[in-house]
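Participant:
4 protein chains.
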Amino acid sequence: MQDNKPRVEEYLERVGVTNLRTIVVTSWKGRACTFIPRIELTLDLEESRRGAHMSRLIESITETIEEEVAKKRPSLEEIEKAVIENLHKKHPFKKAEITMDTELVIPKKTPKSKKNTFETHDVSVAVTYLEGEYKKTLSVRVYGNTSCPHAMSQTKGRTHIQRAKTSLLLETSFDNPIELEDMVDCVEKGFSSEVYTLLKTEDEVYVVEKMFANPQFVEDVTRDVINSARKRFPKCRIYVKTISEESIHRHDVIASGSTIS
Amino acid sequence: MQDNKPRVEEYLERVGVTNLRTIVVTSWKGRACTFIPRIELTLDLEESRRGAHMSRLIESITETIEEEVAKKRPSLEEIEKAVIENLHKKHPFKKAEITMDTELVIPKKTPKSKKNTFETHDVSVAVTYLEGEYKKTLSVRVYGNTSCPHAMSQTKGRTHIQRAKTSLLLETSFDNPIELEDMVDCVEKGFSSEVYTLLKTEDEVYVVEKMFANPQFVEDVTRDVINSARKRFPKCRIYVKTISEESIHRHDVIASGSTIS
Amino acid sequence: MQDNKPRVEEYLERVGVTNLRTIVVTSWKGRACTFIPRIELTLDLEESRRGAHMSRLIESITETIEEEVAKKRPSLEEIEKAVIENLHKKHPFKKAEITMDTELVIPKKTPKSKKNTFETHDVSVAVTYLEGEYKKTLSVRVYGNTSCPHAMSQTKGRTHIQRAKTSLLLETSFDNPIELEDMVDCVEKGFSSEVYTLLKTEDEVYVVEKMFANPQFVEDVTRDVINSARKRFPKCRIYVKTISEESIHRHDVIASGSTIS
Amino acid sequence: MQDNKPRVEEYLERVGVTNLRTIVVTSWKGRACTFIPRIELTLDLEESRRGAHMSRLIESITETIEEEVAKKRPSLEEIEKAVIENLHKKHPFKKAEITMDTELVIPKKTPKSKKNTFETHDVSVAVTYLEGEYKKTLSVRVYGNTSCPHAMSQTKGRTHIQRAKTSLLLETSFDNPIELEDMVDCVEKGFSSEVYTLLKTEDEVYVVEKMFANPQFVEDVTRDVINSARKRFPKCRIYVKTISEESIHRHDVIASGSTIS
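Structure below.
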């Protein structure tokens, strides 16, 4: 049925499965890392073929995940590439794309009391295949804060402060070695202050003073992250977006930009 | 089919339709007010009846909404009561409940520059019928901010500030006259400062200074709203919850309490 | 402060406000239509300017909305263009973009019993300005259903059926006259059947029989909508995406494509 | 500051942290299980104490999670109880509650082809402490489907089918041994058919035929799950809610009930 001619012939860029949740284990620097990503896997469909064989897309995921537990692939993008390689044996396509949206937990020390804390970030790892070539797109969405320079200049050093989140997205060749942890660090340095899950009183004082010493517009955060990403992540297309959840408004403010490193 | 005996006889407290979106017009103090609520309408189902006639629930909504445009009922709860009265003619039940989740837009002046601004709040209006008696549950979810008293005491008057949202829920008899606008006002007075969609520089200065003059823990906000609601809204069961979206953390803090006025 | 030089000079493509909710009234074919959209308004920021004056963006919205109530502009895109025109008087930019995400309610008759029903759709209307030229992007997200042709061929006419949603997005010149209602109609014709808020038994029979007479893969729906949009909406860039919420799986299936009419 | 008297004295039932995400490892039947839950931890606050020491709540989580990796506690509820025990050493309270919302992945075989598949469910595990006693609340939210008996009787065996989700919640003493896997199984048996991530053609035929052989109203699903839970999970308060995402409507239908086993 899927191999029949369709009534209407149109090329489809992306056909497949989405919102598929499963468990994936990597062996990152020798340590088992567990993720429960939300997966989208699509391929392109030529004009004259009515449908994709969806169960083969799913098998290419489930078989690879099982294999990988054994083979201990080091990263999500290595597993994603293996899924597309597996799919090549099952289904014709010129283009394929797989994305995993998941969470990355990074252990850290609190800034002054030096206690253990864990910081959780939303991350997304995608691999695309197009006519023989693999590329990847890595993104992190990191929380921090902004303290407003304009209000500070109008009120003798007082200001409004708020939670902000910045997305950093890097599009690059599959083999360009980039660590999500470095991307998180690159973003955190753009905020008025980075944030922590645990803060004892001395740590809280440190963060408050840092926010007042370093007022940043939403535009400043985005620019600092773009500028720093250009230096730290060569040979990438860079996209940065910051949303600041204003404490004096019901709405948010936004600043985004893109460049190539 | 719905009137048959079910294979398994269990009493069901709530059977009906949910996530139904439509347009509702009220005549609030003589002025037409348009809402596009998300509606849930349920009734109870006795052990020996297999199913509810769902299309009759929907007709009780669609017929009432059309009627009401003509009759110009003044409020969402009046329309909801009319839906349940209509449902009485179509379907047996001992208990029925209808909820509309929607948005309330309130015109306001900015605090210093006195410009026009519109403030939008999430509100929910529910009417329940139980064996002859109608009750209502009104709730508003309002944004404001908190500035931390503890950090302020540790850093010579600096502190962290963040967006916060407080829900105030009132359960009372159908005829107890309560305005959603008053509930919004009651909540806003609990924050370090209320917030505005539009703020010119002089207004921004006013809000920043108010936040520093009025540091509030999340617990303070919830207590102030409980205490004030008890005085302003007699004969109600009161429930208040505040969530403060901490600017120094990735997580939120929460404080909730309940009482009777 | 905003007019100062920033520490780091980077061009920003989009700076502004987002998630701003307010009330907007249009005069669509002479009838007042009320929307409570979620608005994003951004402009570009040159390398050498530190920040946008955010309150001027908000004023360009609030002033235009008030004016428009009086002037009775016919559509959301006319109001959006007026916002950008107003912003020109307040702030420098080369590029500006405004988007309103809202809900469109369309009155309809049930297919057989001919009763009144209201159908609510998510819609999005955006206007962009770039160096003297205005363009618009209209999109609708419409619910319908798919019944699987493959399962039907394997089980003597039985199959699995599920809710599906299709987005149709059209990018075109500001003056190309396109009605959101026509876009909804174009999408609904692609499903196994369109869906209704109210269905009496005779209507339900009609919809069930239509679904079995018209099995559609997710790919078929997307292709039919692309093909029909190309004919109905000349001089547009067309993008179509369908997500089918499979009743036999936990995940969804997806098909998307794009073209130019 | 937190230990001061508040300006307004009101008892607060729940004060603490929410939306805190971190990594938790259990040793379930000897096998390491990794979760990345969203955590809420609250305690009650007496009238005369201004605030909770939020960082102590967080420390009680972070310290316990680290310990637990070593001690290998078998379940999320054991870890949650340990968090509350730790909190007892740091902070006064009469009542405390901790909830973890997370995902449970269960390996399974496809029904006919007997291939490996993984099924992911939303689960929630809560422990409450009140004046010396620990209780727990376990819940699962499971996807399946409904095929409508009423439409089937009107159209010679054709019908509408849709994805449905059922929540089963059990409130019981801490020591009542209940497995989330059994709760998932209890729910899945209530649907027209359970669903699978992977289905080869022979499996798809099996599921389609099962759905047609077993038409279920949303009310039938909820009643079957209540009835079965009463037998399988003794000494619990049971709450069941099913939402069926109707394929012939834009809205959903709902049925809920509760009982005691």
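Residue numbers (the numbering used here), protein chains in the order written: chain A, 14 to 274; chain B, 14 to 274; chain C, 14 to 274; chain D, 14 to 274. Glycine is no exception: its CB is placed at the ideal position from the N, C-alpha and C atoms.
(1) Would you say residue 113 of chain B faces chain D, with C-beta separation under 8 Å as the test?
(2) Could you pull the start and end residues of the beta strand (DSSP E) that residue 175 of chain A belongs to?
(3) Between the alpha carbons of residue 250 of chain C and residue 102 of chain A, how many angstroms are there, rounded?
(4) Sorted by chain position, which residues of the same chain lie with C-beta nearer than 8 Å to residue 100 of chain C's C-beta, five sequence neighbours on each side aside?
(5) Look up residue 134 of chain D in the DSSP assignment and give the residues it is bridged to.
(6) Could you check whether the Cβ of residue 129 of chain B sits closer than 8 Å to any Cβ belonging to chain C?
(7) For residue 56 of chain D, is the beta carbon positioned less than 7 Å from some heavy atom of the ligand MN?
(8) Given a threshold of 16 other Cβ atoms within 10 Å of its Cβ, counted over all protein chains shown, does residue 61 of chain D qualify as buried or as exposed?
(9) Have a look at residue 188 of chain B and residue 246 of chain B and give me their C-alpha separation to the nearest angstrom.
(10) Is the CB of residue 52 of chain A under 8 Å away from at least one CB in chain D?
(11) Among the candidates D:23, D:150, D:195, whose CA atom is the shortest distance from the CA of residue 244 of chain D?
(12) Using beta-carbon positions only, say whether residue 167 of chain A and residue 260 of chain A come within less than 8 Å of one another.
(13) Look up residue 155 of chain A in the DSSP assignment and say whether it is helix, strand or coil.
(14) Run down chain B in chain order and give the residues with a C-beta less than 7 Å from the C-beta of residue 235 of chain D.
(15) Strictly under 8 Å for the Cβ-Cβ distance: is residue 157 of chain D near chain B by that measure?
(16) For residue 227 of chain B, which residues of its own chain have a beta-carbon under 6 Å away from its beta-carbon, when the five flanking residues on both sides are left out?
(17) Look up residue 257 of chain B in the DSSP assignment and give the residues it is bridged to.
(18) Which runs of the beta strand (DSSP E) at least 3 residues long sit entirely within the segment 17 to 67 of chain B? Give them in chain order.
(19) Considering residue 163 of chain D, what are the terminal residues of the alpha helix (DSSP H) in which it resides?
(20) With a threshold of 16 other CB atoms inside 10 Å of the CB of residue 45 of chain B, please say whether the residue is buried or exposed.
(21) Decide yes or no for the touch test of the segment 130 to 150 of chain D against the segment 177 to 191 of chain D: beta carbon pairs closer than 8 Å, at least 3 of them.
(22) Just the Cα atoms here: how many angstroms apart are residue 37 of chain D and residue 79 of chain D?
(23) Which same chain residues end up closer than 8 Å to residue 215 of chain D when comparing Cβ atoms and leaving out the 5 residues on each side of it in sequence?
(24) Does any residue of chain D have a CB that is nearer than 8 Å to the CB of residue 174 of chain C?
(25) Roughly how many angstroms separate the alpha carbons of residue 134 of chain B and residue 47 of chain B, rounded to a whole number?
(26) Quick one: what's got a C-beta closer than 6 Å to residue 232 of chain A's C-beta in the same chain, skipping five residues either side?
(27) Using a beta-carbon distance below 8 Å, is residue 35 of chain C in contact with chain B?
(28) Quick one: does residue 154 of chain A have its CB under 8 Å from some CB of chain B?
(29) By how many angstroms is the C-alpha of residue 152 of chain A removed from the C-alpha of residue 248 of chain A?
(30) Give me the residue from D:50, D:41, D:230, D:64 with the minimum Cα distance to residue 27 of chain D.
(31) 8 Å is my cut-off, CB to CB: does residue 212 of chain C come that close to chain D?
(32) Check each residue of the segment 254 to 272 of chain C: if its Cβ is closer than 8 Å to any Cβ of chain D, include it; give the result in chain order.
(33) Which residue wins for smallest C-alpha separation from residue 234 of chain A, given the options A:201, A:221, A:212?
(34) If distances are taken between C-alpha atoms only, which option among A:50, A:21, A:160 comes closest to residue 172 of chain B?
(35) Just to confirm the assignment, what range does the alpha helix (DSSP H) spanning residue 219 of chain C have?
(36) Under 8 Å, do residue 75 of chain D and residue 95 of chain D count as touching if we go by C-beta distance?
Facilitator: With the structure as the only source:
(1) no
(2) 174 to 186
(3) About 35 Å.
(4) 54, 56, 69, 70, 73, 106, 109
(5) D:117
(6) yes
(7) The ligand content of the structure shown is nil, which means the ligand MN is not present either.
(8) exposed
(9) 13 Å
(10) no
(11) D:195
(12) no
(13) In this structure, residue 155 of chain A counts as strand in the three-state DSSP scheme.
(14) 25
(15) Taking Cβ atoms only, chain B never reaches closer than 8 Å to residue 157 of chain D, which makes this a no.
(16) Excluding positions up to five away in sequence, the list reads 205.
(17) Residue pairing from DSSP places residue 257 of chain B in a beta bridge opposite B:177, B:266.
(18) 25 to 34, 37 to 41, 44 to 48, 51 to 58
(19) 162 to 167
(20) exposed
(21) yes
(22) 9 Å
(23) 125, 126
(24) yes
(25) 14 Å
(26) 268
(27) yes
(28) no
(29) Roughly 15 Å separates the two Cα atoms.
(30) D:64
(31) yes
(32) Listed in sequence order: 258, 259, 260, 261, 262, 263, 264.
(33) A:201
(34) Ranking A:50, A:21, A:160 by CA distance to the CA of residue 172 of chain B puts A:160 first.
(35) 214 to 226
(36) For residue 75 of chain D and residue 95 of chain D, no; Cβs fall outside 8 Å.
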